[in-house]
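Enquirer:
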Amino acid sequence: MNIAIVGTGYVGLVSGTCFAEMGVNVTCVDIDTQKIENLRKGIIPIYEPGLDEMVKRNVDANRLHFTRSLSSVIDDVEVVFSAVGTPPDEDGSADLQYVLSVAREFGRNIKKYTILVTKSTVPVGTAALVKATIAEELRKRGADIEFDVAANPEFLKEGAAVKDFMSPDRVVVGVDSERARKVMSRLYKPFMVVSDRMIFTDIPSAEMIKYAANSMLATRISFMNDIANLCEIVGADVNMVRKGIGADTRIGRKFLYPGCGYGGSCFPKDVKALIKTAEKNGYEMRVLKAVEQVNEHQKGILFDKLVRHYGDNLSGMTVALWGLAFKPETDDMREAPALVLIDRLLKAGATVKVYDPVAMEECRRRIGDKVIYAGDMYDAAVDADAIMLVTEWKQFRMPSLAVLQRTMRNHVIIDGRNIYDREYLEENGFTYYKVG
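Take 14 as the starting number for the sequence shown in the numbering used here and just add one per residue.
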């Protein structure tokens, strides 16, 4: 089976590579000439465990190809996936210019029945716009060519995206024709050998599922952060509360970990977009607005704890940040809490030293040399008045307290992910703050 995937970002590259791994002949398309040249050389633009080896293996096997032109391959494919970006517009709604650009190119170039599948996260109603755009391009050509539009949202977790794609807990496909359903079933069949986890829906429902899923997860995070902040005021231990409510099978344990806020490419953008979709349709998403407000407040919680300890003026002080990416196993810093912390620390006069196993270059790309980039986690702690644990990378979980006792100027640890043992740290002479 031959397919094309337009967009070689996180979703497009992972999806294309995993399809190729299952024997599909895949051509990834991107207008960025340098990115395509780099991919042909095996230079991967994102950090995702296991992806670089898989890309190389499938390029060598001649199943994975890269090009700048969709028109050069469209005659040979049955399915075109649109995996281009849908960044938030100024008002928070999803910007669909790239999605509709793919639809126009598709309509200008198809010569036989082909399916255009939207894999990008898009608001409900986007498929109808895509379909109308393609139809308009065919009308301009005077062409009467059958096509279908489908919605196939992705549910990849950064840091585990390859595993998620190869062993999905569900594959959601929105279609409005039996012909499209059969083609999509055949494409995903290799992933369903153990059990069939495909869910076929109408197209608007498929578009909504993605937003609803991410918004529910974001809601659980903000709910627990709200509970953690109240626990701190009334003297309850949020970790005990989490265990107590998580043992209820109706609630479960996942996404109940309090911390310093969520970030990344999905949750912030999708919550905003769903709020905007509702507004455009005359409805107010009151719960999600609160979720967003709680999260924005939570990104500053570690700074607030530092100020309560030292006071408002941090001039002359050095603060070490352990972790920059919004979560472990990725270099993604989009909407990362670390960016908010760095900004507030610098404005308060502090010197900021940072270390992250993979996101150092991404941080430098974003903010330049406003901070000191340390060689490792202990280098960041030298002469520090406080360490802020921002991202729970495994290598941060059992630091050498002996090294920190020797190298830190003041022994304060502010734990943004609640991974340390208060009693143990305090026994070793550290002042410890956590969330909740």
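No residue lacks a Cβ here, since even glycine has one placed at the ideal position from N, Cα and C.
Determine the extent of the alpha helix (DSSP H) in which ASP102 is found, giving its start and end residues.
Expert: Element bounds for ASP102: n/a, residue is neither H nor E.
Enquirer: If you draw a straight line from the alpha carbon of TYR126 to that of MET346, how long is it in whole angstroms?
Expert: Those two C-alpha atoms are separated by around 40 angstroms.
Enquirer: When the Cβ atoms of the segment 63-76 are set against those of the segment 225-244, are three or more pairs found closer than 8 angstroms?
Expert: At 8 angstroms Cβ cutoff, the stretches do not touch.
Enquirer: DSSP three-state label for TYR60, please.
Expert: Residue state, collapsed to three classes: coil.
Enquirer: Where in the segment 360-408 do unbroken runs of the alpha helix (DSSP H), each at least 4 residues long, occur, reported from the N-terminal end onward?
Expert: Complete alpha helix (DSSP H) runs here, min 4: 373-380, 390-394.
Enquirer: Do the segment 336-345 and the segment 360-379 make contact, defined as three or more Cβ pairs closer than 8 angstroms?
Expert: The segment 336-345 vs the segment 360-379: in contact.
Enquirer: Considering just the uninterrupted stretch of the beta strand (DSSP E) at GLY187, what are its terminal residues?
Expert: Run containing GLY187: 184-187, per the beta strand (DSSP E) assignment.
Enquirer: By alpha-carbon positions, which one of GLU292, PHE236, ALA164 ends up nearest to GLY274?
Expert: Checked all of GLU292, PHE236, ALA164; the closest Cα to GLY274 is PHE236.
Enquirer: What is the DSSP secondary structure of HIS78, counted as helix, strand or coil?
Expert: Of the three classes helix, strand and coil, the one that applies to HIS78 here is strand, per DSSP.
Enquirer: Considering only residues of the same chain and omitting the five flanking positions on each side of ASN165, which have a CB-CB separation below 6 angstroms?
Expert: VAL130, LYS132, VAL186.
Enquirer: For MET211, which residues does DSSP report across the bridge?
Expert: According to DSSP, MET211 bridges with VAL184.
Enquirer: Cα separation between MET205 and LYS302?
Expert: Going from the Cα of MET205 to the Cα of LYS302 covers about 37 angstroms.
Enquirer: For MET11, count the other beta carbons within 10 Å of its own beta carbon; 16 or more makes it buried, fewer makes it exposed. Which is it?
Expert: Beyond the ends of the chain as shown, which are 14 and 449, falls residue 11; an answer cannot be given.
Enquirer: Return yes when the Cβ of ILE57 is within less than 8 angstroms of the Cβ of ASP65, no when it is not.
Expert: Their beta carbons are under 8 angstroms apart, which means ASP65 touches ILE57 by this criterion.
Enquirer: Looking at THR331 and ASP396, is the spacing between their C-beta atoms short of 8 angstroms?
Expert: Their beta carbons are under 8 angstroms apart, which means ASP396 touches THR331 by this criterion.
Enquirer: Cβ of VAL42 within 8 angstroms of Cβ of ARG81?
Expert: Closer than 8 angstroms, so yes.
Enquirer: Which same chain residues end up closer than 6 angstroms to ARG255 when comparing Cβ atoms and leaving out the 5 residues on each side of it in sequence?
Expert: If we look at ARG255 and ignore the five residues flanking it on each side, its Cβ neighbours are LEU269.
Enquirer: Using only the alpha-carbon positions, how far apart do ASP108 and ILE426 sit?
Expert: Taking the straight line joining both Cα atoms gives about 41 angstroms.
Enquirer: Distance, Cα to Cα, THR146 vs VAL162?
Expert: If you take the alpha carbons of THR146 and VAL162, they lie about 11 angstroms apart.
Enquirer: Can you check which of these residues, GLY265, PRO271, ASP239, is closest to ASN252 by C-alpha distance?
Expert: Nearest option by C-alpha distance: PRO271.
Enquirer: Enumerate in chain order the residues of its own chain whose CB-to-CB distance from SER114 is below 8 angstroms, with the five nearest sequence positions on each side excluded.
Expert: VAL97, listed in sequence order.
Enquirer: Could you tell me which residues DSSP puts in a beta bridge with PHE160?
Expert: THR127.
Enquirer: For the alpha helix (DSSP H) containing CYS244, list its first residue and its last residue.
Expert: CYS244 -> alpha helix (DSSP H) spans 216-247.
Enquirer: Here's the rule I'm using: 16 or more other beta-carbon atoms within 10 Å means buried, otherwise exposed. How should ASP398 be labelled?
Expert: The residue in question, ASP398, is buried, as its Cβ has 16 or more Cβ neighbours within 10 Å.
Enquirer: What residues in its chain sit with their C-beta under 6 angstroms from that of ASN423, if we drop five residues either side in the sequence?
Expert: The answer, listed in chain order, is ASP398.
Enquirer: Judging by CA-CA distance, which residue of ARG357, GLU439, ASN15, TYR433 is the nearest neighbour of ARG410?
Expert: ARG410 has its Cα closest to that of TYR433, out of ARG357, GLU439, ASN15, TYR433.
Enquirer: In terms of residue numbering, what span does the alpha helix (DSSP H) encompassing THR331 cover?
Expert: Not the alpha helix (DSSP H): THR331 falls in the beta strand (DSSP E), residues 331-335.
Enquirer: For LYS282, count neighbouring C-beta atoms within 10 Å of its own C-beta (all shown protein chains included) and say buried if the count is 16 or more, exposed if not.
Expert: Looking at its Cβ environment, which holds 16 or more other Cβ atoms inside 10 Å, LYS282 is buried.
Enquirer: I'd like to know whether the C-beta atoms of LEU9 and CYS376 end up nearer to each other than 8 angstroms.
Expert: Coverage of the chain is limited to positions 14 through 449, which leaves residue 9 absent and any answer about it impossible.
Enquirer: Where ASN100 and PRO136 are concerned, what is the direct C-alpha to C-alpha distance, given to the nearest angstrom?
Expert: Reading off the sequence, residue 100 comes out as Pro, not Asn. One C-alpha to the other measures close to 12 angstroms.
Enquirer: Excluding sequence positions up to five away, which residues of its chain have a Cβ less than 7 angstroms from the Cβ of GLY259?
Expert: Closer than 7 angstroms at the Cβ level, and outside the excluded window around GLY259, lie GLY265, ARG266, LEU269.
Enquirer: For LYS447, tell me which candidate among ILE314, GLY381, MET421, LEU327 has the shortest Cα-Cα distance.
Expert: Checking every option, the nearest Cα to that of LYS447 belongs to ILE314.
Enquirer: For LYS54, count neighbouring Cβ atoms within 10 angstroms of its own Cβ and tell me buried if that reaches 16, exposed if not.
Expert: Looking at its Cβ environment, which holds fewer than 16 other Cβ atoms inside 10 Å, LYS54 is exposed.
Enquirer: Considering only C-alpha positions, which residue in the set TYR368, PHE32, LEU83, GLU309 is nearest to ILE49?
Expert: Comparing Cα positions, the closest option is LEU83.
Enquirer: Quick check: what's the CA-CA separation for LEU417 versus GLN306?
Expert: In a straight line, the C-alpha of LEU417 is about 35 angstroms away from that of GLN306.
Enquirer: In whole angstroms, give me the CA-to-CA distance for ASP104 and ILE212.
Expert: If I take the Cα positions, the gap works out to 32 angstroms.
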